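Take a look at the structure set out below.
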Amino acid sequence: MRIDPATDSGCYVPVMRPFRYHAPETIADAVALLAAAPGASSLMAGGTDLLVQMRRGARTPDHVIDIKRIRKLHTLVFSEDNGLTFGAAVPCARLCEAPEVVAHYPGLVDAFSLIGGVATQGRATIGGNVGNAAPSADSVSPLIVHGATCTIAGPSGSRTVPVDRLCLGPGKTALEPGEIITTFHVPPPSPGAAGAYLRFTPRGEMDIAVAGAAAWLQIDDGVIAGIQVALTAVAPRPLPV
Numbered sequence: 043m044r045i046d047p048a049t050d051s052g053c054y055v056p057v058m059r060p061f062r063y064h065a066p067e068t069i070a071d072a073v074a075l076l077a078a079a080p081g082a083s084s085l086m087a088g089g090t091d092l093l094v095q096m097r098r099g100a101r102t103p104d105h106v107i108d109i110k111r112i113r114k115l116h117t118l119v120f121s122e123d124n125g126l127t128f129g130a131a132v133p134c135a136r137l138c139e140a141p142e143v144v145a146h147y148p149g150l151v152d153a154f155s156l157i158g159g160v161a162t163q164g165r166a167t168i169g170g171n172v173g174n175a176a177p178s179a180d181s182v183s184p185l186i187v188h189g190a191t192c193t194i195a196g197p198s199g200s201r202t203v204p205v206d207r208l209c210l211g212p213g214k215t216a217l218e219p220g221e222i223i224t225t226f227h228v229p230p231p232s233p234g235a236a237g238a239y240l241r242f243t244p245r246g247e248m249d250i251a252v253a254g255a256a257a258w259l260q261i262d263d264g265v266i267a268g269i270q271v272a273l274t275a276v277a278p279r280p281l282p283v
């Protein structure tokens, strides 16, 4: 912290600690950079959370690894047979505006559209929102009720993990040192199924959730054949009920 010389007002402004910036263009390069300094590196996609945390000293990485240039992390593919696959660096705005996501996964759009304001939506990513493992993260519970999985790349290769098993507690994930979330996969929609997400905030849309609920229903011939519910911000991790 230091006194702001521009105003000489005695107000304290944060000083970001120096770090080395890296911009790999492949997943393999990103994994190698992480493995070289696993405890002192932070990944950055949109940076909407990381940069704020760094400015206030909550995170002080020696290396920042910017993954926006990795083309595979910007994948967005849908088919009725295989479902939805999207990269960890796809911005929320792109997902919320994609016709196939809007048509087949309204519950995901409900949640993704709440992650920050308009300016933030253009940069914030689901990979970052999930990877932060904040109990109030709006994207995690909806992904859980839709049966989503994520693909993780690391020094030992790649593996697939259900989103339900990824977030372990505040700021804690199942990622091993040197691992990175690369893609998310949501199963194909079935006839008669739909999802939704609602959250409660004390003031307005810029607030984080005090509580939230994601639901997915399967209705066959007017009868509920399946239901999944998961809660946001009421426990140390998203809570399936």
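Quick note, the working numbering runs 42 ahead of the 1-based positions in the sequence shown. Think of the CB as a built atom: it goes at the ideal place given N, C-alpha and C, for glycine as much as any other residue. Computed from a predicted structure; not experimentally measured.
For residue i, is the classification buried or exposed, using 16 other Cβ atoms within 10 angstroms of its Cβ as the cut-off for buried?
i	result
M86	buried
F120	buried
E221	buried
T215	buried
N124	exposed
S183	buried
I266	exposed
T202	exposed
Please state the DSSP three-state secondary structure of residue i.
i	result
H188	coil
L217	coil
F154	helix
P204	strand
A272	strand
G169	helix
P278	coil
T162	helix
V252	coil
R44	Because R44 sits at a pLDDT of 49, beneath the cut-off of 50, its placement in the model cannot be relied upon, and the following sentence gives the value as read from the coordinates. Three-state DSSP puts R44 in a strand.
V182	helix
Quick one: residues in its chain with C-beta nearer than 7 angstroms to the C-beta of residue i, no 5 flanking neighbours on either side, listed in chain order?
i	result
P47	For P47, the predicted model reports a pLDDT of 49, less than 50, meaning its position is unreliable; a value from the coordinates is still stated below. Answer for P47: no residue qualifies.
P230	E122, D123, N124, G125
Between which residues of its own chain and residue i is the CB-CB distance below 6 angstroms, once the five residues before and five after are set aside?
i	result
A257	A238, V271
R241	A251, G254
I261	G234
L150	P184
Under 8 angstroms by Cβ, that's how I've got residue i and residue j pegged, so tell me the actual separation to the nearest angstrom.
i	j	result
T243	A251	6 angstroms
S84	P103	4 angstroms
G129	T68	13 angstroms between Cβ atoms; not a contact.
G88	G170	6 angstroms
Quick one: what's got a C-beta closer than 8 angstroms to residue i's C-beta in the same chain, skipping five residues either side?
i	result
A82	P103, D104, H105
R207	A216
Is it the case that the CB of residue i approaches a heavy atom of the ligand ZN more closely than 7 angstroms?
i	result
V73	Ligands are entirely absent from the displayed structure, and the ligand ZN is therefore not among its contents.
Review point. Which ranges would you report for the alpha helix (DSSP H) in the region 120-150 if only whole runs of at least 4 residues count?
Key: Unbroken alpha helix (DSSP H) stretches of 4 residues or longer found wholly inside the region 120-150: 134-139, 141-146, given in chain order.
Exercise for review: Scan the region 69-99 and note each continuous alpha helix (DSSP H) run of 4 residues or more that stays entirely inside, going in chain order.
Suggested key: You should have 69-78, 92-97.
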